[in-house]
Every structure is written in C-alpha cells, then in structure tokens.
Amino acid sequence: MIAKRIRRVFIANRGEIAVRVVRACRALGIECVVGVSSADRDTLAARLADRAICIGPPMARDSYLQVPTIITAAKGTGCDALHPGYGFLSERPALAEACVANDLTFIGPSAAAMRAAGDKIEARKRAEQIGVPLAAGSREIETVDEARQIAERVGYPVLLKASAGGGGRGMRVARDAHEIGERFEQASSEALEAFGDGRLFLERFVKRARHIEVQVLGDSHGNVVHLHERDCSVQRRHQKIIEEAPAPDLPEATRQGLLDAALRFARSIGYSSAGTVEFLYDTAGDRYYFLEMNTRIQVEHPVTEAITGIDLVVEQIRIAEGAPLSFAQADVKVRGHAIECRINVEDADRDFMPSPGRITRWELPVGDGIRIDSHGYAGYRVPPYYDSLLAKLICAGADRGAAITQTLAALDRIAIEGVHTNLSFHRFVLSHADFAAMRVSTRWIENTGMSQYLEHRRSQA
Amino acid sequence: MALSESEILRVLDMFDRSSWSEMLLQSGSMKLLISKTGRVQSQPPTATALQPAPAAAPVPAASAAPPAAAAAVPAIDPCWIAVKAPMLGHFYAAPKPGAPPFVTLGQMVTAEDTIAILEVMKLMNHVKAGVAGKIARIAVADGDLVEFEQALIYIQPA
C-alpha cells in the first residue's frame, strides 16, 4: 500500500522541531538533511542529521522563507521528500506546490487543503455549511459602519480578527460603538502589514474562554481519525505557554461534540497528514466555537503522543509515503494525562524580554514519564534572530494531579544558566490553585497570573 | 585574558585559510583547541571540558567549513582572497554548456568581472570577483551544489 518509499528527507526548519524530525527519520531508518542558516550551523539538528547545508544568512526571509533556495538544496542533496516543521513555510501552499512540481514528496497536507483551511473567512463559511458551531458574528466586514451594525446585533464587546491572521496579530477587542472605529483601522492595517491581507471579520467576544483543540490525522485514502483534544488555555499575548491533554473539566457530551466537529471539518476539506482544529470554549455557557484549522504539526503535539502512544511525526512520514493509517479510531485509547511547558529564552521577571546568549549550564532531568524536546546544549549560543522556544518539558502521569506533581518535580531539576528562561513562571503557574482547579482562561495570565507572579517574586527577593 | 567573539571568528578564519589541521591557542586561563579533521590528537585539557562556554562551541564551526582543504591539494596561500557564494545554488563556471569558462587558472580579473553563475531554480545569479587579481584556485567543480558562503574561487590580489 506504500506508493512511494521515502529514502531521504530534507528538513526545512530549525530548533527543536528540526531535532524532532531527525528523530522520526531515525526511527524509520530514513536519512535526513537539514537546511540551516549561517547562524544555525552549530545547532543540534545540524549535528544529528546525516548532513547539514547552509541555505543562507541568519534572517529568515533570506533563508528559511526562501522557497526556491530550499527546493534547490533539497534536490541538490538528493532528498526525495521535505518536512516543513511548523512556522516558516509550513502552511504556505507555494512550498507544497513547488515540492510536487519538483518531484519531492511534501510531508504535510495538499496545497488545496492548506488553502481551504488557511483563509479564515472561507473556513468559517465552510464550518457554517457543515454545522460546526461559530461564535455569533460575521463573514467578512468591509466598513466600520458594517462592523457597528453587526456588533449591535451580536452585542459588545466584540473581537475583530484578520482573515489571514494568527498569533494575535490583526486582532482587536472593541467594547463600544465609539471604540470600534479606531480598532477597525488598527486591526486592518496590522493585518495588511503582517499578512498582506487586510480583510477582517468580527465575532462576539467570549469573556471567559478556554482554548481547546483537536488533533486529527488523515491519510491519502480518505481515512480521518482524531487523537483526542488538548487544552492550551495558559497563554500570554495569544502565545501558548502550557498545554495539556486531555482537556480537564470538560463535560463528556461537549468533548464528544468537539471531536465530531473537528472530524467533520477535516473530512470536508479532504485532509491528509497531521492537523489541528482549534475551538474556543465558553466555560460559563458550556459552548464551543470553531476558530480555525492549522495544517501542520503543532508545537504541543507531544502531549497527544504521551496520552495516545502514537508518534505523530512518524505517522506524517508514513502518510506522505501513501500508506493508510495503521490504526482505526477505536484503537486510539487515552492513557493518563500529560502536560507540556514551553521553556523560552526570555526573562520572566522583566516582562518576558527575549534573552539570547550562550548557554553555560544545561542540566535536565531524565526518568519515566519525562520527555524533553530541545535543541539546546551546554555551549550552544541561542541566536537572536528566531523565536524564543528553547525546550519543551512534557510530563505524564496516571491523572492530572500526578502529571502536575511530576511536572513540578521535573521543573525543579532543570538547571539552565547563561540565558534567562521562564522556568520560574512555569513553577508559579503549575503550583497555583487556579491551575489545579482548572479555573484558568486564555486571559488568566493577563488578568490574574502576571500581577500575582510579580508579587510572588518580590516576596522571594 | 579572554578572546571576544569577533577575535575568535578571526582566529577561525585564519586557521581555515592555513594548511594546519589542528591548533591550540592559550591565552591566560583560556584554551582554544580547533581541528579540521573533527578528531583531536592532543587531548584538550580538562579545564576546557569544564568551561564549555567560549571554548567548545567554535569547534563545529571549523568542521562545518567547506572541505576545500583536502589533503592532496596544495595549501591555500593565506594572502589569497576567497570569493564566497552569496547564496546557495548550483555553480556554473561558464555562461552556457560548452561555452568557454568565465575564468581560468592564472587569469587576471578585475573586481567587476563575473567569475561564475549560481543557479537557483532557473534563476541565474552572476557572481563578481569583488577584488582584482590573479585566479589562484577554482575550488568547486562545474555543476556542484554550493552552500551559502562556501569558497568558490581564490584570487591572489593584484
């Protein structure tokens, strides 16, 4: 059933995900080549891969974002497939198409599926058609007057969002008819600048929301299964910091509804490979709303691997080879609970300021139920050009309480020096009563966590 | 006295252009051991192993350098200037197949002369000499894939 056996994979990414893809290639006995910028020649992925090739200068737009260079490097090093990781070009249909045109197997979904999911206004229309719930709001708004009319109907506050958006860019909350004018212009110009697309839509703002997402996996034979859900509500400025699986404190009927909705959406676009359907969960009303579908492997995929025992990157490669899914929905069983902490090189005590530099001490715990995905090592110089993710700590336990205990114990045994990290912030959140009782929402850090953390640090000093 | 990062980079660059295979530099409490072979013959002092910060990291940088300094090829003269690839691409020594090459060994060039083409998916990028002088070595074979910043040609400055 394998259409085309992959022999050598080109890894078009950096950091921990490049290391993760190397590991999946090793598990399958496949060779791999990693494309690095001149700032990344010494990275762990470059050391671990069979070969590293320098694709350009440090700035991503001249290296990791150059489709022609990446294709030339992949072909020139004899690769027959390409893994895009996450971020960079991973959700650009142009890369998937260039791979196909150059006889490289793209380890990810089709360009058509990426397009269908990538345009949020189109994706919302599709969700509506197939009965996936959306937050009350609009399809597309063109003028401030139109935005005001819709806002009057759905009720303030409202959220303005970029159709091409992500990561909170091109997103604004408006609390009244006066505020909406200003916010509309801000959101639209920010979206135009960041994504080259200033189109906006509007939806009712949910005050206490959790972020719950469903991992799906589809093959090229029309099979799509879900690998249950993750809760990623601990966010700072729309960036996830702590993720867990399964989602705690979720009524069973709601959970089932979410999983079914995710499958319906993924099937409606003929999805193959690993993808994630994101929802906003209104805790007060016990209702969920479709947000978007991400057509790539996600940073937080290891928590799903921890509770299902399925290697998602290995599955991505097998699916790209044309193999059917090796398991059915009924075979996907949840065991225990897993939590991931994103350890970033940023100074938690100074407004999370990025802190690149040379790592002088690097000690990590090992043991059952502890996994660390990272590209760090003692002596590694974290360059200032890329995002601040340095390591992911993933801890599993028989239940949520055990996973929290395990995570706190592991955090205490991590020693990183030479760069600042957010480890102290993770310890604070993991030991907070609100986290233990699952009283956190996506704005918890902003509204409660941050000020309490700073107070806590002052009392320690 | 510890070396700054730019000083270490300069040392690495000089080492790279030398015919040496290994170098140990001691300056006060700092020891810098670099090798082109990836193997280190003289064991690094334990102090180096305990201080991974500035000492250990530059080693892979040296091994990541292009394999131009192969054993059989005569050494690269430290006065030569390397013309480095401004981008990753396929190296072409001539404007089209069968045509005479842009430059040959021993030829004199001006800074503005094209020395090769780098092709990235049908896009032909002309690489200029950047310095006037005599072509001392052509370090890449026609059609090879070259990395960003790989040395393509060495010029003995006029």
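Line by line, the protein sequences are chains A and B. Reminder that position 106 of the first sequence reads as 345 in the numbering used here, one-by-one numbering, no gaps. Reminder that position 92 of the second sequence reads as 682 in the numbering used here, one-by-one numbering, no gaps. Even glycine gets a Cβ: it sits at the ideal position worked out from N, Cα and C.
Min CB distance residue i to chain A below 8 Å
{"i": "Val-710(B)", "result": "yes"}
{"i": "His-716(B)", "result": "no"}
{"i": "Met-604(B)", "result": "no"}
{"i": "Gly-696(B)", "result": "no"}
{"i": "Ala-731(B)", "result": "no"}
{"i": "Pro-642(B)", "result": "Any reading at Pro-642(B) needs caution, since the residue's pLDDT is 34, under 50, leaving its predicted position unreliable; the model's value is listed next. Closer than 8 Å to some Cβ of chain A, the Cβ of Pro-642(B) qualifies, so yes."}
{"i": "Leu-735(B)", "result": "yes"}
{"i": "Phe-692(B)", "result": "no"}
{"i": "Leu-713(B)", "result": "yes"}
{"i": "Glu-739(B)", "result": "yes"}
{"i": "Thr-638(B)", "result": "Model confidence at Thr-638(B) stands at a pLDDT of 32, short of 50, so the residue's coordinates are unreliable and nothing is read from them."}
Same chain only: Cβ atoms within 8 Å of residue i, ignoring 5 sequence neighbours per side
{"i": "Ile-556(A)", "result": "Ile-245, Val-248, Ala-263, Cys-264, Leu-267, Ile-269, Ala-320, His-322, Ile-346"}
{"i": "Lys-400(A)", "result": "Lys-359, Gly-409, Met-410, Ala-426, Leu-439, Phe-440, Leu-441, Glu-442"}
{"i": "Val-658(A)", "result": "Val-584, Ser-594, Pro-595, Gly-596, Arg-597, Ile-598, Val-621, Leu-629"}
Continuous beta strand (DSSP E) stretch holding residue i: start and end
{"i": "Phe-681(B)", "result": "679-682"}
{"i": "Ser-276(A)", "result": "270-276"}
{"i": "Gly-315(A)", "result": "Looking at the DSSP string, Gly-315(A) is not in any beta strand (DSSP E); the run it does join, the alpha helix (DSSP H), is 306-315."}
{"i": "Tyr-744(B)", "result": "741-747"}
{"i": "Ile-728(B)", "result": "723-728"}
{"i": "Lys-364(A)", "result": "Counting along the chain, Lys-364(A) falls outside any beta strand (DSSP E), though it belongs to the alpha helix (DSSP H) covering 359-368."}
{"i": "Val-717(B)", "result": "713-718"}
{"i": "Ile-389(A)", "result": "Element bounds for Ile-389(A): not the beta strand (DSSP E) but the alpha helix (DSSP H), 383-393."}
{"i": "Ser-611(B)", "result": "Counting along the chain, Ser-611(B) falls outside any beta strand (DSSP E), and DSSP gives it neither H nor E."}
{"i": "Leu-321(A)", "result": "320-322"}
{"i": "Ser-401(A)", "result": "Inspection of the sequence shows that residue 401(A) is occupied by Ala rather than by Ser. That run of the beta strand (DSSP E) goes 397-401."}
{"i": "Ala-675(A)", "result": "No beta strand (DSSP E) holds Ala-675(A); the alpha helix (DSSP H) holding it covers 672-675."}
{"i": "Asn-583(A)", "result": "576-583"}
{"i": "Glu-709(B)", "result": "704-710"}
{"i": "Val-412(A)", "result": "411-413"}
Residues near residue i in its chain [Cβ-Cβ closer than 7 Å; skip 5 each side]
{"i": "Pro-635(B)", "result": "With a pLDDT of 35 at Pro-635(B), under the threshold of 50, the modelled position of this residue cannot be trusted; read the value that follows with caution. Excluding sequence neighbours, Pro-635(B) sits near Lys-621."}
{"i": "Ile-480(A)", "result": "Val-473, Gln-474, Arg-581"}
{"i": "Ala-313(A)", "result": "Phe-249, Leu-321, Leu-343"}
{"i": "Gly-407(A)", "result": "Arg-476, His-477"}
{"i": "Phe-664(A)", "result": "Ala-587, Tyr-692"}
{"i": "Met-714(B)", "result": "Ile-707"}
{"i": "Gly-509(A)", "result": "Ala-352"}
{"i": "Gly-573(A)", "result": "The sequence given here has Val at residue 573(A), not Gly. Excluding positions up to five away in sequence, the list reads His-467, Pro-485, Ile-546, Thr-547."}
{"i": "Leu-497(A)", "result": "Ile-451, Val-453, Glu-468, Phe-518, Tyr-527"}
First through last residue of the alpha helix (DSSP H) which encompasses residue i
{"i": "Leu-622(B)", "result": "Unbroken run through Leu-622(B) is the beta strand (DSSP E), 620-625; no alpha helix (DSSP H)."}
{"i": "Val-668(A)", "result": "662-669"}
{"i": "Arg-290(A)", "result": "Here Arg-290(A) belongs to no alpha helix (DSSP H); instead the beta strand (DSSP E) covers 290-295."}
{"i": "Ile-256(A)", "result": "254-267"}
{"i": "Met-689(A)", "result": "689-699"}
{"i": "Cys-338(A)", "result": "332-340"}
{"i": "Leu-602(B)", "result": "595-607"}
{"i": "Leu-287(A)", "result": "283-287"}
{"i": "Phe-249(A)", "result": "Segment 247-250 is the beta strand (DSSP E) holding Phe-249(A); no alpha helix (DSSP H) there."}
Proximity test, Cβ basis, 8 Å: residue i and chain B
{"i": "Gly-315(A)", "result": "yes"}
{"i": "Ala-295(A)", "result": "The question names Ala, but residue 295(A) in the sequence shown is Gly. Answer yes: the Cβ-Cβ gap between Gly-295(A) and chain B drops below 8 Å somewhere."}
{"i": "Pro-307(A)", "result": "yes"}
{"i": "Ile-250(A)", "result": "no"}
{"i": "Ile-360(A)", "result": "no"}
{"i": "Ile-310(A)", "result": "yes"}
{"i": "Ile-380(A)", "result": "no"}
{"i": "Ile-684(A)", "result": "no"}
{"i": "Val-292(A)", "result": "Note that residue 292(A) is Ile in the sequence shown, not Val. Yes, its Cβ sits closer than 8 Å to a Cβ of chain B."}
Neighbourhood of residue i by C-beta, 6 Å cutoff - its chain only, sequence neighbours within 5 removed
{"i": "Glu-336(A)", "result": "Ala-350"}
{"i": "Ile-578(A)", "result": "Glu-483, Cys-634, Ala-642, Thr-646"}
{"i": "Ala-567(A)", "result": "none"}
{"i": "Ile-728(B)", "result": "Ile-743"}
{"i": "Ile-241(A)", "result": "Glu-560, Gly-561, Ala-562"}
{"i": "Tyr-619(A)", "result": "Ile-598"}
{"i": "Arg-607(B)", "result": "Ile-666, Pro-668"}
Short CB-CB distance (under 8 Å) between residue i and chain D
{"i": "Phe-681(B)", "result": "Among the protein chains in the structure shown, which are A and B, there is no chain D."}
Beta strand (DSSP E) runs contained entirely in the segment 431-497 of chain A, provided each spans 3 or more residues: For the segment 431-497 of chain A, whole beta strand (DSSP E) runs of length 3 or above, ordered along the chain, are 439-443, 448-457, 463-475, 478-484.
Alpha helix (DSSP H) runs wholly inside the segment 601-659 of chain A, at least 4 long, in chain order: If we require 4 residues or more, the alpha helix (DSSP H) runs fully inside the segment 601-659 of chain A come out as 639-651.
Continuous beta strand (DSSP E) assignments of at least 3 residues falling wholly in the segment 518-573 of chain A: Taking only runs of at least 3 residues, the beta strand (DSSP E) segments lying wholly in the segment 518-573 of chain A are 526-533.
Interfacial residues, the segment 639-669 of chain A to chain B, with Cβ spacing under 8 Å: Per Cβ criterion, the list reads Gly-657.
Chain A contacts from the segment 666-677 of chain B (Cβ-Cβ distance under 7 Å): If the cut-off is 7 Å between Cβ atoms, the segment 666-677 of chain B has Met-677 near chain A.
Within 9 Å of chain B by C-beta, residues of the segment 323-338 of chain A in sequence order: Result list: Ala-337.
Within 7 Å of chain B by C-beta, residues of the segment 252-281 of chain A in sequence order: Within the segment 252-281 of chain A, the qualifying residues are Ser-277, Arg-280, Asp-281.
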